[in-house]
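**Student:**
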């Protein structure tokens with residue numbers, strides 16, 4: 001009948017919205033009603049009868065916004081048309097039953113009960129020709145069945161909608177459980193393998209540093225740099241373990257992992273490293289109000305982009321870096337105008353940057369331009 005709604009079908013890949021547009025479907029019973037009046041002929045249908053049908057069609061179109069009022073209005077049209085233009089009232093009766101079918105989908109409780117009782121009373125009076133005292137019991141049974149059929153159909157459609165919503169929520173919960181399991185497994189692997197090896201590197205380098213005091217200053221500085229790099233990497237791995245094991249951490253809990261001061265300092269360190277080999281045009285806005293997770297994404301995108309510059313750019317070339325804040329996002333714009341060396345990368349760094357930005361609902365564009373290789377990322381704030 002004239003029922004148009006959104007149903008969600010849950011597929012192996014997740015919920016998929018199937019849209020049924022209500023207006024085209026609602027035109028079908030209108031066409032039946034119009035055809036009925038055309039078939040019974042001009043001698044039985046007056047101009048006023050066509051007016052009743054037009055009003056009933058207009059009321060039917062208002063069902064989605066005013067379901068109970070539409071049913072009550074259809075009841076009034078059926079009774080008035082039944083007294084003044086009985087042939088036209090049959091077409092209006094069809095549209096009343098269509099409206100009654102939509103009422104249970106959109107309303108429940110007392111509005112549903114009132115609408116069903118009003119529809120039942122209108123059909124009884126119309127078909128009984130206002131002489132209910134002379135009607136046999138079979139007449140009441142037939143009228144109750146006529147009204148109950150569309151109402152039960154509406155209740156069935158409402159139950160389908162509820163099942164579809166429940167299935168969608170179940171699919172989301174299942175996906176969340178799978179992701180949590182994957183994150184836990186990944187955290188375990190990082191802890192058992194990566195963190196262990198980093199700790200071993202830091203300990204061995206420290207032992208070598210003090211076991212051979214006769215080493216010269218250049219070699220000692222190299223060992224100190226290796227130990228510092230291993231210690232920093234180990235700290236970052238442990239921070240990532242915290243995130244993987246507790247994906248529901250709040251922004252306040254994440255703040256110690258990367259506060260705005262650390263973000264500004266980390267970007268400044270990248271600038272110093274980059275200026276050792278390239279001509280750098282560097283501008284970074286005040287990032288004191290950037291959130292922790294957002295700042296971490298900004299830092300990682302900048303790090304990976306500049307790592308690619310160092311790996312693939314010719315020394316002495318020009319690099320432009322812009323990190324600008326907007327009302328609710330941070331934009332990272334890095335242009336590598338250096339002459340590209342032979343590229344041997346696997347592309348996983350770019351994939352990782354895009355996944356990190358997509359996770360926050362942002363966008364990342366990377367590719368060649370007339371000025372050189374350009375990376376632009378828009379990192380929004382984490383919704384509260």
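In full-length UniProt numbering, the protein residues as written are 1 to 384.
We put the beta carbon where it would ideally sit given N, CA and C, even for glycine.
Count the other CB atoms within 10 Å of the CB of residue 48; is the residue buried (16 or more) or exposed (fewer)?
**Tutor:** By the 10 Å Cβ count, residue 48 comes out exposed.
**Student:** Need the endpoints of the beta strand (DSSP E) that residue 276 sits in, please.
**Tutor:** Note, residue 276: premise wrong, no beta strand (DSSP E); not H, not E.
**Student:** If we count Cβ pairs, one from each stretch, closer than 8 Å, do we get three or more for the segment 319 to 326 versus the segment 285 to 300?
**Tutor:** They touch, by the three-pair rule.
**Student:** Quick check on residue 280: does DSSP put it in helix, strand or coil?
**Tutor:** strand
**Student:** Three-state secondary structure (DSSP) at residue 335?
**Tutor:** strand
**Student:** Run through the DSSP bridge pairs and tell me what residue 318 is partnered with.
**Tutor:** DSSP lists 279 as the bridge partner or partners of residue 318.
**Student:** Could you round the C-beta distance between residue 381 and residue 291 to whole angstroms and report it? I think they count as a contact, below 8 Å.
**Tutor:** 5 Å
**Student:** At what residues does the beta strand (DSSP E) containing residue 363 begin and finish?
**Tutor:** 363 to 368
**Student:** According to the Cβ coordinates, are residue 150 and residue 97 closer than 8 Å?
**Tutor:** yes
**Student:** If you measure from the beta carbon of residue 149 to each beta carbon in chain D, is any gap under 8 Å?
**Tutor:** In the structure shown, chain D cannot be found, because there is only a single protein chain.
**Student:** In three-state DSSP terms, what is residue 313?
**Tutor:** Collapsing the DSSP output to three states places residue 313 in a strand.
**Student:** Please check the pair residue 82 and residue 126, which I expect to be a contact at CB under 8 Å, by giving their CB distance rounded to whole angstroms.
**Tutor:** 4 Å
**Student:** Residue 219 by DSSP, collapsed to three states: which one?
**Tutor:** Correct three-state label for residue 219: helix.
**Student:** Is the beta carbon of residue 385 sitting closer than 8 Å to the one on residue 336?
**Tutor:** The requested residue 385 is not part of the displayed model; the chain covers only 1 to 384.
**Student:** Identify the continuous beta strand (DSSP E) that holds residue 63 and give its terminal residues.
**Tutor:** Unbroken run through residue 63: none, as it is neither H nor E.
**Student:** So, under 8 Å CB-CB, residue 227 and residue 220 are touching, yes? Tell me the CB distance rounded to an integer number of Å.
**Tutor:** 11 Å between Cβ atoms; not a contact.
**Student:** Look at the Cβ atom of residue 153, then the Cβ atom of residue 101, and state whether they are nearer than 8 Å.
**Tutor:** yes
**Student:** With residue 99 and residue 60 assumed to form a contact (beta carbons below 8 Å), what rounded beta-carbon distance in angstroms separates them?
**Tutor:** 6 Å
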